[in-house]
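In what follows, a structure is listed as C-alpha cells, so that the remarks can point back to it.
Number of protein chains: 2
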Amino acid sequence: MTFHQLRVFMAVARHHSYSRAAEELHLTQPAVSAQVRELERAVDATFFERVGRNIVLTEAGKELLAYAQKVSTLIDEARIAMQELDGLKRGRIALAAVSTAGAYVLPSLLGAFRNRYPGISISLEVTNRAIVSQRG
Amino acid sequence: MTFHQLRVFMAVARHHSYSRAAEELHLTQPAVSAQVRELERAVDATFFERVGRNIVLTEAGKELLAYAQKVSTLIDEARIAMQELDGLKRGRIALAAVSTAGAYVLPSLLGAFRNRYPGISISLEVTNRAIVSQRG
DNA sequence: TCAACTTACGAACACCGTAATGATA
DNA sequence: TATCATTACGGTGTTCGTAAGTTGA
C-alpha cells in the first residue's frame, strides 16, 4: 500500500470514474486502473463495482476511503508543519535586553541558539534601562 | 513522500542509528541513507544531526516523527478493517424467521444480499412460531 | 456503436546491494 | 584505526504511456 495508490483511489472514489480520475491526476486510464488493481491486491479486497454505466464503492471501498482521507489530511498537515519550521532556517531575530541579563545569561543562550540554527541572524542591543521603559 | 520513506525514517529515529535501522528493516546502510535523504529532499528539511558518535533528531525531525506515527497507526487500522470486512466474502449466515416475514420481506432482501456478497452462504428456516418462542 | 475499463508491451525511473570513499572519536 | 555514514554504480522491479482488446447500454 502506497500513498500514490491511496491518492489514485481517492480520485476514483471522488469521480466515480477511472477516466475522470486519470484526468485529474494527469495520468492515463490504464495507469489509474493498474494502481487501483494493485491496491486491491495488496489488501486483498475489492473497492469498486461496475453498476450499469458507472462505478460505485463497495463496503470495503467506503471504509478505506475514510482512512485514506484521514491519512491525506495528516500528510498535508505534516508538510505544512515542515514548511513552517523551515522558517527557522532563514529567520531573523532582534533582541533588546537590560544589561544584567545581557551580560550573564544571553551569551551562552545565543551561542547554543546559533549553533542549532546557524541560518538565523540575531541582532542584540544591551541597555541599562528595562525594556518596558523604552516605550516611553 | 512515500510510506516506505516514513517507515525508514521512523526506524532511524527509534534507533538513533542508520545501521541499526538497516538491520531492523533488513536493508543495507546505504539504502536507508538514500531513503532518508530523499525524504529530506522531498519536504526540504533536515531530520537528523550527527552529534559526536551518534545521531539526534532535529526539531523538524521530532515534528515529522509525531505525524509519521499517527499515519502508521491509521494504516494499520485500515488494514485490520479491510481484513475484518474480508469476512463478508467468506462468511455463513443462518436465519430463522416467522412465516409472515419469511414470505413477504425476506426474499427480496436475501436476493439483494446474495447479489452483493455472493460468497456468503445463507440457510433460512421459516416457521409459524415467533423466534423467541423457539427457545422454550 | 460508443464510452469506459482491461490487457499487452516497451521505455523511463526508483530502489536495492556491493564496493569504495569520507568523517569522527 | 575502527565505526558509522555517504557516494558511485550496475542490476532488478515498478510505473508510465501507447495501442489493441473487451464489455455493457
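Protein chains in written order, with the working numbering: chain A, 6 to 141; chain B, 6 to 141. Ideal Cβ placement from N, Cα and C applies to all residues, glycine included. Remember, predicted model here, so these are calculated numbers, not experimental data.
Nonlocal neighbours in the same chain, by C-beta distance under 8 Å from residue i, ignoring five residues either side
i: E43/A; result: Q10
i: H20/B; result: A26 and E29
i: S22/A; result: N59 and I60
i: S38/B; result: Y23
i: I80/B; result: F8
DSSP state of residue i mapped onto helix, strand, coil
i: A50/B; result: coil
i: R25/B; result: helix
i: L30/A; result: helix
i: R58/A; result: coil
i: T63/B; result: coil
i: M6/A; result: coil
i: V13/B; result: helix
i: R19/A; result: helix
Minimum Cβ-Cβ distance from residue i to chain A less than 8 Å
i: I80/B; result: yes
i: M87/B; result: yes
i: E29/B; result: no
i: V17/B; result: no
i: L69/B; result: yes
i: V48/B; result: yes
i: L72/B; result: Note that residue 72/B is Tyr in the sequence shown here, rather than Leu. Yes, its Cβ sits closer than 8 Å to a Cβ of chain A.
i: R84/B; result: yes
i: L44/B; result: no
Neighbourhood of residue i by C-beta distance below 6 Å, restricted to the same chain and skipping five residues each side
i: E54/A; result: V61 and T63
i: A50/A; result: A65
i: L70/A; result: A18
Inter-residue spacing [alpha-carbon to alpha-carbon] between residue i and residue j
i: A86/A; j: A101/B; result: 56 Å
i: M6/B; j: A47/B; result: 6 Å
i: M15/A; j: K75/B; result: 20 Å
i: R84/B; j: Q88/A; result: 30 Å
i: R12/B; j: L90/A; result: 22 Å
i: F8/A; j: T33/B; result: 24 Å
i: E82/A; j: E68/B; result: 11 Å
i: F41/A; j: P35/B; result: The question names Phe, yet the displayed sequence has Val at residue 41/A. Those two C-alpha atoms are separated by around 31 Å.
i: S77/A; j: H31/A; result: 19 Å
i: V56/A; j: V56/B; result: 60 Å
Sequence-distant residues of its chain with Cβ nearer than 7 Å to residue i (five each side left out)
i: E45/A; result: T51 and F52
i: A73/B; result: L11, F14 and M15
Min CB distance residue i to chain B below 8 Å
i: R58/A; result: no
i: E64/A; result: yes
i: F8/A; result: yes
i: L90/A; result: yes
i: V76/A; result: yes
i: V61/A; result: no
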